[in-house]
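In the UniProt record's numbering, the protein residues as written are 1 to 147. From the three backbone atoms N, C-alpha and C, an ideal C-beta is built for every residue, glycine too.
So, in structure tokens, the structure goes:
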């Protein structure tokens with residue numbers, strides 16, 4: 001027969017209170033960038049970031065804009081571009097029911113298109129453009145480095 005473990009010994013005297021639970025890890029702010037370091041964010045906020053490739057979708061309908069976006073990103077990747085400036089036109093405040101049908105439709109759809117595209121794995125970050133590059137009417141798409 002195997003010997004069984006001895007019962008735990010009782011502690012004599014005063015027992016210290018249990019330790020408080022460890023604080024949960026600090027969560028990043030919602031607005032905090034998840035994939036870009038501070039130098040990228042500083043260059044974006046100061047407007048010193050220079051896009052390697054620009055794509056103007058402003059004035060296109062949704063079908064044309066989607067085709068031009070996919071073709072443009074393929075071309076930008078082939079050229080080795082790291083930062084792509086995409087001009088979509090200014091967003092308009094619309095109800096969720098109107099999303100994609102009113103003015104600002106391209107801007108409302110572009111993040112969904114990028115997330116569902118074949119290029120999604122090559123995209124590091126999407127940020128709003130600086131005023132000198134179109135402000136609210138444009139975005140920067142930062143692509144992964146080529147290796």
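Best match in the options for proximity to residue i [C-alpha to C-alpha]
i: residue 122; options: 70, 48 and 16; result: 70
i: residue 66; options: 40, 4, 43 and 115; result: 115
i: residue 127; options: 117, 21, 41 and 18; result: 41
i: residue 64; options: 133, 110, 10 and 7; result: 110
Three-way DSSP call (helix, strand, coil) for residue i in this model
i: residue 57; result: coil
i: residue 89; result: coil
i: residue 137; result: helix
i: residue 69; result: helix
i: residue 143; result: strand
Own chain partners of residue i with C-beta closer than 6 angstroms, once the 5 adjacent residues on each side are dropped
i: residue 82; result: 52 and 143
i: residue 133; result: 85
7 angstroms Cβ cutoff met for residue i and residue j
i: residue 55; j: residue 119; result: no
i: residue 49; j: residue 105; result: no
i: residue 78; j: residue 84; result: no
i: residue 125; j: residue 36; result: yes
i: residue 38; j: residue 146; result: no
i: residue 68; j: residue 57; result: yes
Sequence-distant residues of the same chain with beta carbon closer than 8 angstroms to residue i, five excluded per side
i: residue 45; result: 130
i: residue 7; result: none
i: residue 32; result: Model confidence at residue 32 stands at a pLDDT of 43, short of 50, so the residue's coordinates are unreliable and nothing is read from them.
7 angstroms CB neighbourhood of residue i in its chain, flanking five on each side removed
i: residue 117; result: 70
i: residue 15; result: none
Task: At least 3 beta-carbon pairs within less than 8 angstroms: the segment 124-142 vs the segment 81-90 - done: In short, these stretches touch, since the Cβ pair count reaches three.
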